[in-house]
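Quick note: to get my numbering, add 1018 to the position in the sequence shown (first position is 1).
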Amino acid sequence: MILLPFALVRGFAGVLRPLRMLVAQGWMRESDADAGLALLHPALRLNRVFARVMQRQWVADDMLELTLRPNGNWRGAKSGQHVQLYLEREGVRLSRSYSLTAVQADGSLKIAIKQQPGGRVSPHLLEHLAVGDTLELGPVHGDLTWPEADHGVLLLAAGSGITPLLGLLRTALAQGFSAPITLLHYVREQGQRAFVAELQTLQAQHSNLQVRWSLTTDTAEPGAIAGRFTAEHLSAVPQLSQSRVLACGPAGFVGQVQQWWHAAELPGALQVEAFTPPALIADVSLRQVRLGFARSHQQTTADNQRSLLEQAEEHGLKPAHGCRQGICASCTCTLLSGTVRDLRSGALFSEPGQSIRLCISAPHADVEIDL
Ligand code: FES
């Protein structure tokens, strides 16, 4: 039974100050305080950010946009960034990062979730998460920003790469950005053109905005561009030689854009974000190693193939993390002893006291970390 209306939960952050002091001084455990607060409302916590699902809206055949209203512990974010979302399923704590498609003046935010067939998180969110449910949110990360100068802007998106770019676009148009904007969105099929109705409306309202879609497997409509990214698709982009470019999509798509941009020698900096992690180098031979978590006073047997983050979570620990791709640095931890291997490059690190990123480091030999 929920005893406190959600409308009051957001204002509770200040009221909880005495409880925080008790926790800080060791008189009470935060988990105990949280357990009591959750009886008042599932979104009420001492420090953790929980959000209530306010609205669900399908924006493509395979993409859902959620409107969330966080509790008073939320410290804000900017459009185009990503937020970590946590989910408990069958006793396992799972997390994924989703782009913010809107950060609204009333404190609510929107994220878009693309269906990943066979995934452990997105099918549950898409099929079972209901309005009124609560979710835990984690760190915010992401560096894409709308170019400051009044130059033209070219937005290149593939698949769910549309989501951070849409967040930036919505904000820029709302703030009156008037230079030419071109958005090219690459999708496999018609039904994957996310936010198509809204983008068409924005295009009708803003004469400086042109939106085009390229279908990479479906048959294209007459006159439409088709297939994967190529420089020919940019022939109709106004002021291309002066445009600032932002690209988001799978690593392969982003790599193609980078190649084109370097060849085209456009001004300004190219901003890119790849949402598939770089290929990780697997160790050829699987070995078992000892893994020690010093602060948690725990030891376990681990393998030398998977990241320390994954194996720590499997062991019931909850290390801070964000992107899980070695980008945001929120999983940084100190190596106390042993050798770890960078899963992206294969490089080995064994300097005690050195900072390592748990999400892209695997134990190479017996390892102790400050966790
Ligand atoms: S979680 Fe972002 S760098 Fe590890």
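We put the beta carbon where it would ideally sit given N, CA and C, even for glycine.
On a predicted model such as this, the values are computed, not experimentally measured, just so you know.
Contact between the region 1053-1071 and the region 1191-1207 is not established, with fewer than three Cβ pairs separated by less than 8 angstroms.
Counting other Cβ atoms within 10 Å of its Cβ, D1050 stays below 16 and is therefore classed as exposed. Minimum Cα-Cα distance from S1253 among the listed residues L1172, T1352, V1290 corresponds to L1172. Taking the Cα positions, G1286 is about 9 angstroms away from P1165. In the three-state scheme derived from DSSP, where H, G and I count as helix and E and B as strand, S1368 is classed as coil. Annotated three-state conformation of L1153 is strand, per DSSP.
Each of T1235, G1098, L1202 was checked against the Cα of T1181, and the nearest Cα belongs to G1098. Excluding the 5 residues flanking it on each side, R1375 has same chain C-beta neighbours closer than 6 angstroms at G1344, C1349, T1350, in chain order.
Counting along the chain, V1027 sits inside the alpha helix (DSSP H) bounded by residues 1024-1027. A1078 places its beta carbon less than 9 angstroms from that of R1211. D1080 is classed as buried because its beta carbon has at least 16 other beta carbons within 10 Å across all chains shown.
N1091 counts as buried, since at least 16 other C-beta atoms from the protein chains shown sit within 10 angstroms of its C-beta. Distance from S1232 to G1245 at the Cβ level is roughly 6 angstroms; contact confirmed, criterion being Cβ atoms closer than 8 angstroms. Selection R1308, L1264, G1170 evaluated against Q1329 yields R1308 as nearest (Cα-Cα). By the Cβ test, the region 1133-1145 is not in contact with the region 1156-1164, since fewer than three Cβ pairs between them sit closer than 8 angstroms. Contact check for I1387 and L1353: beta-carbon distance about 6 angstroms, within the 8 angstroms limit, so the pair qualifies. In this structure N1065 is exposed. Its beta-carbon is surrounded by fewer than 16 other beta-carbon atoms within 10 angstroms. Taking C-beta atoms under 8 angstroms as the contact rule, V1071 and G1125 fail to qualify, at a distance of about 15 angstroms. In the structure shown, P1036 falls within a helical segment according to DSSP collapsed to helix, strand and coil. Out of F1068, H1333, L1118, H1203, the CA that lies nearest to the CA of A1031 is found in F1068. Here the alpha carbon of T1319 sits roughly 10 angstroms from the alpha carbon of V1385. Counting along the chain, the unbroken alpha helix (DSSP H) around A1051 starts and ends at 1048-1058. In this chain, A1130 is not harboured by any alpha helix (DSSP H); it is covered by the beta strand (DSSP E) spanning 1127-1132. A distance of 9 angstroms or more separates the beta carbons of L1155 and P1198.
L1144 sits close to I1131, with the two beta carbons spaced by under 9 angstroms.
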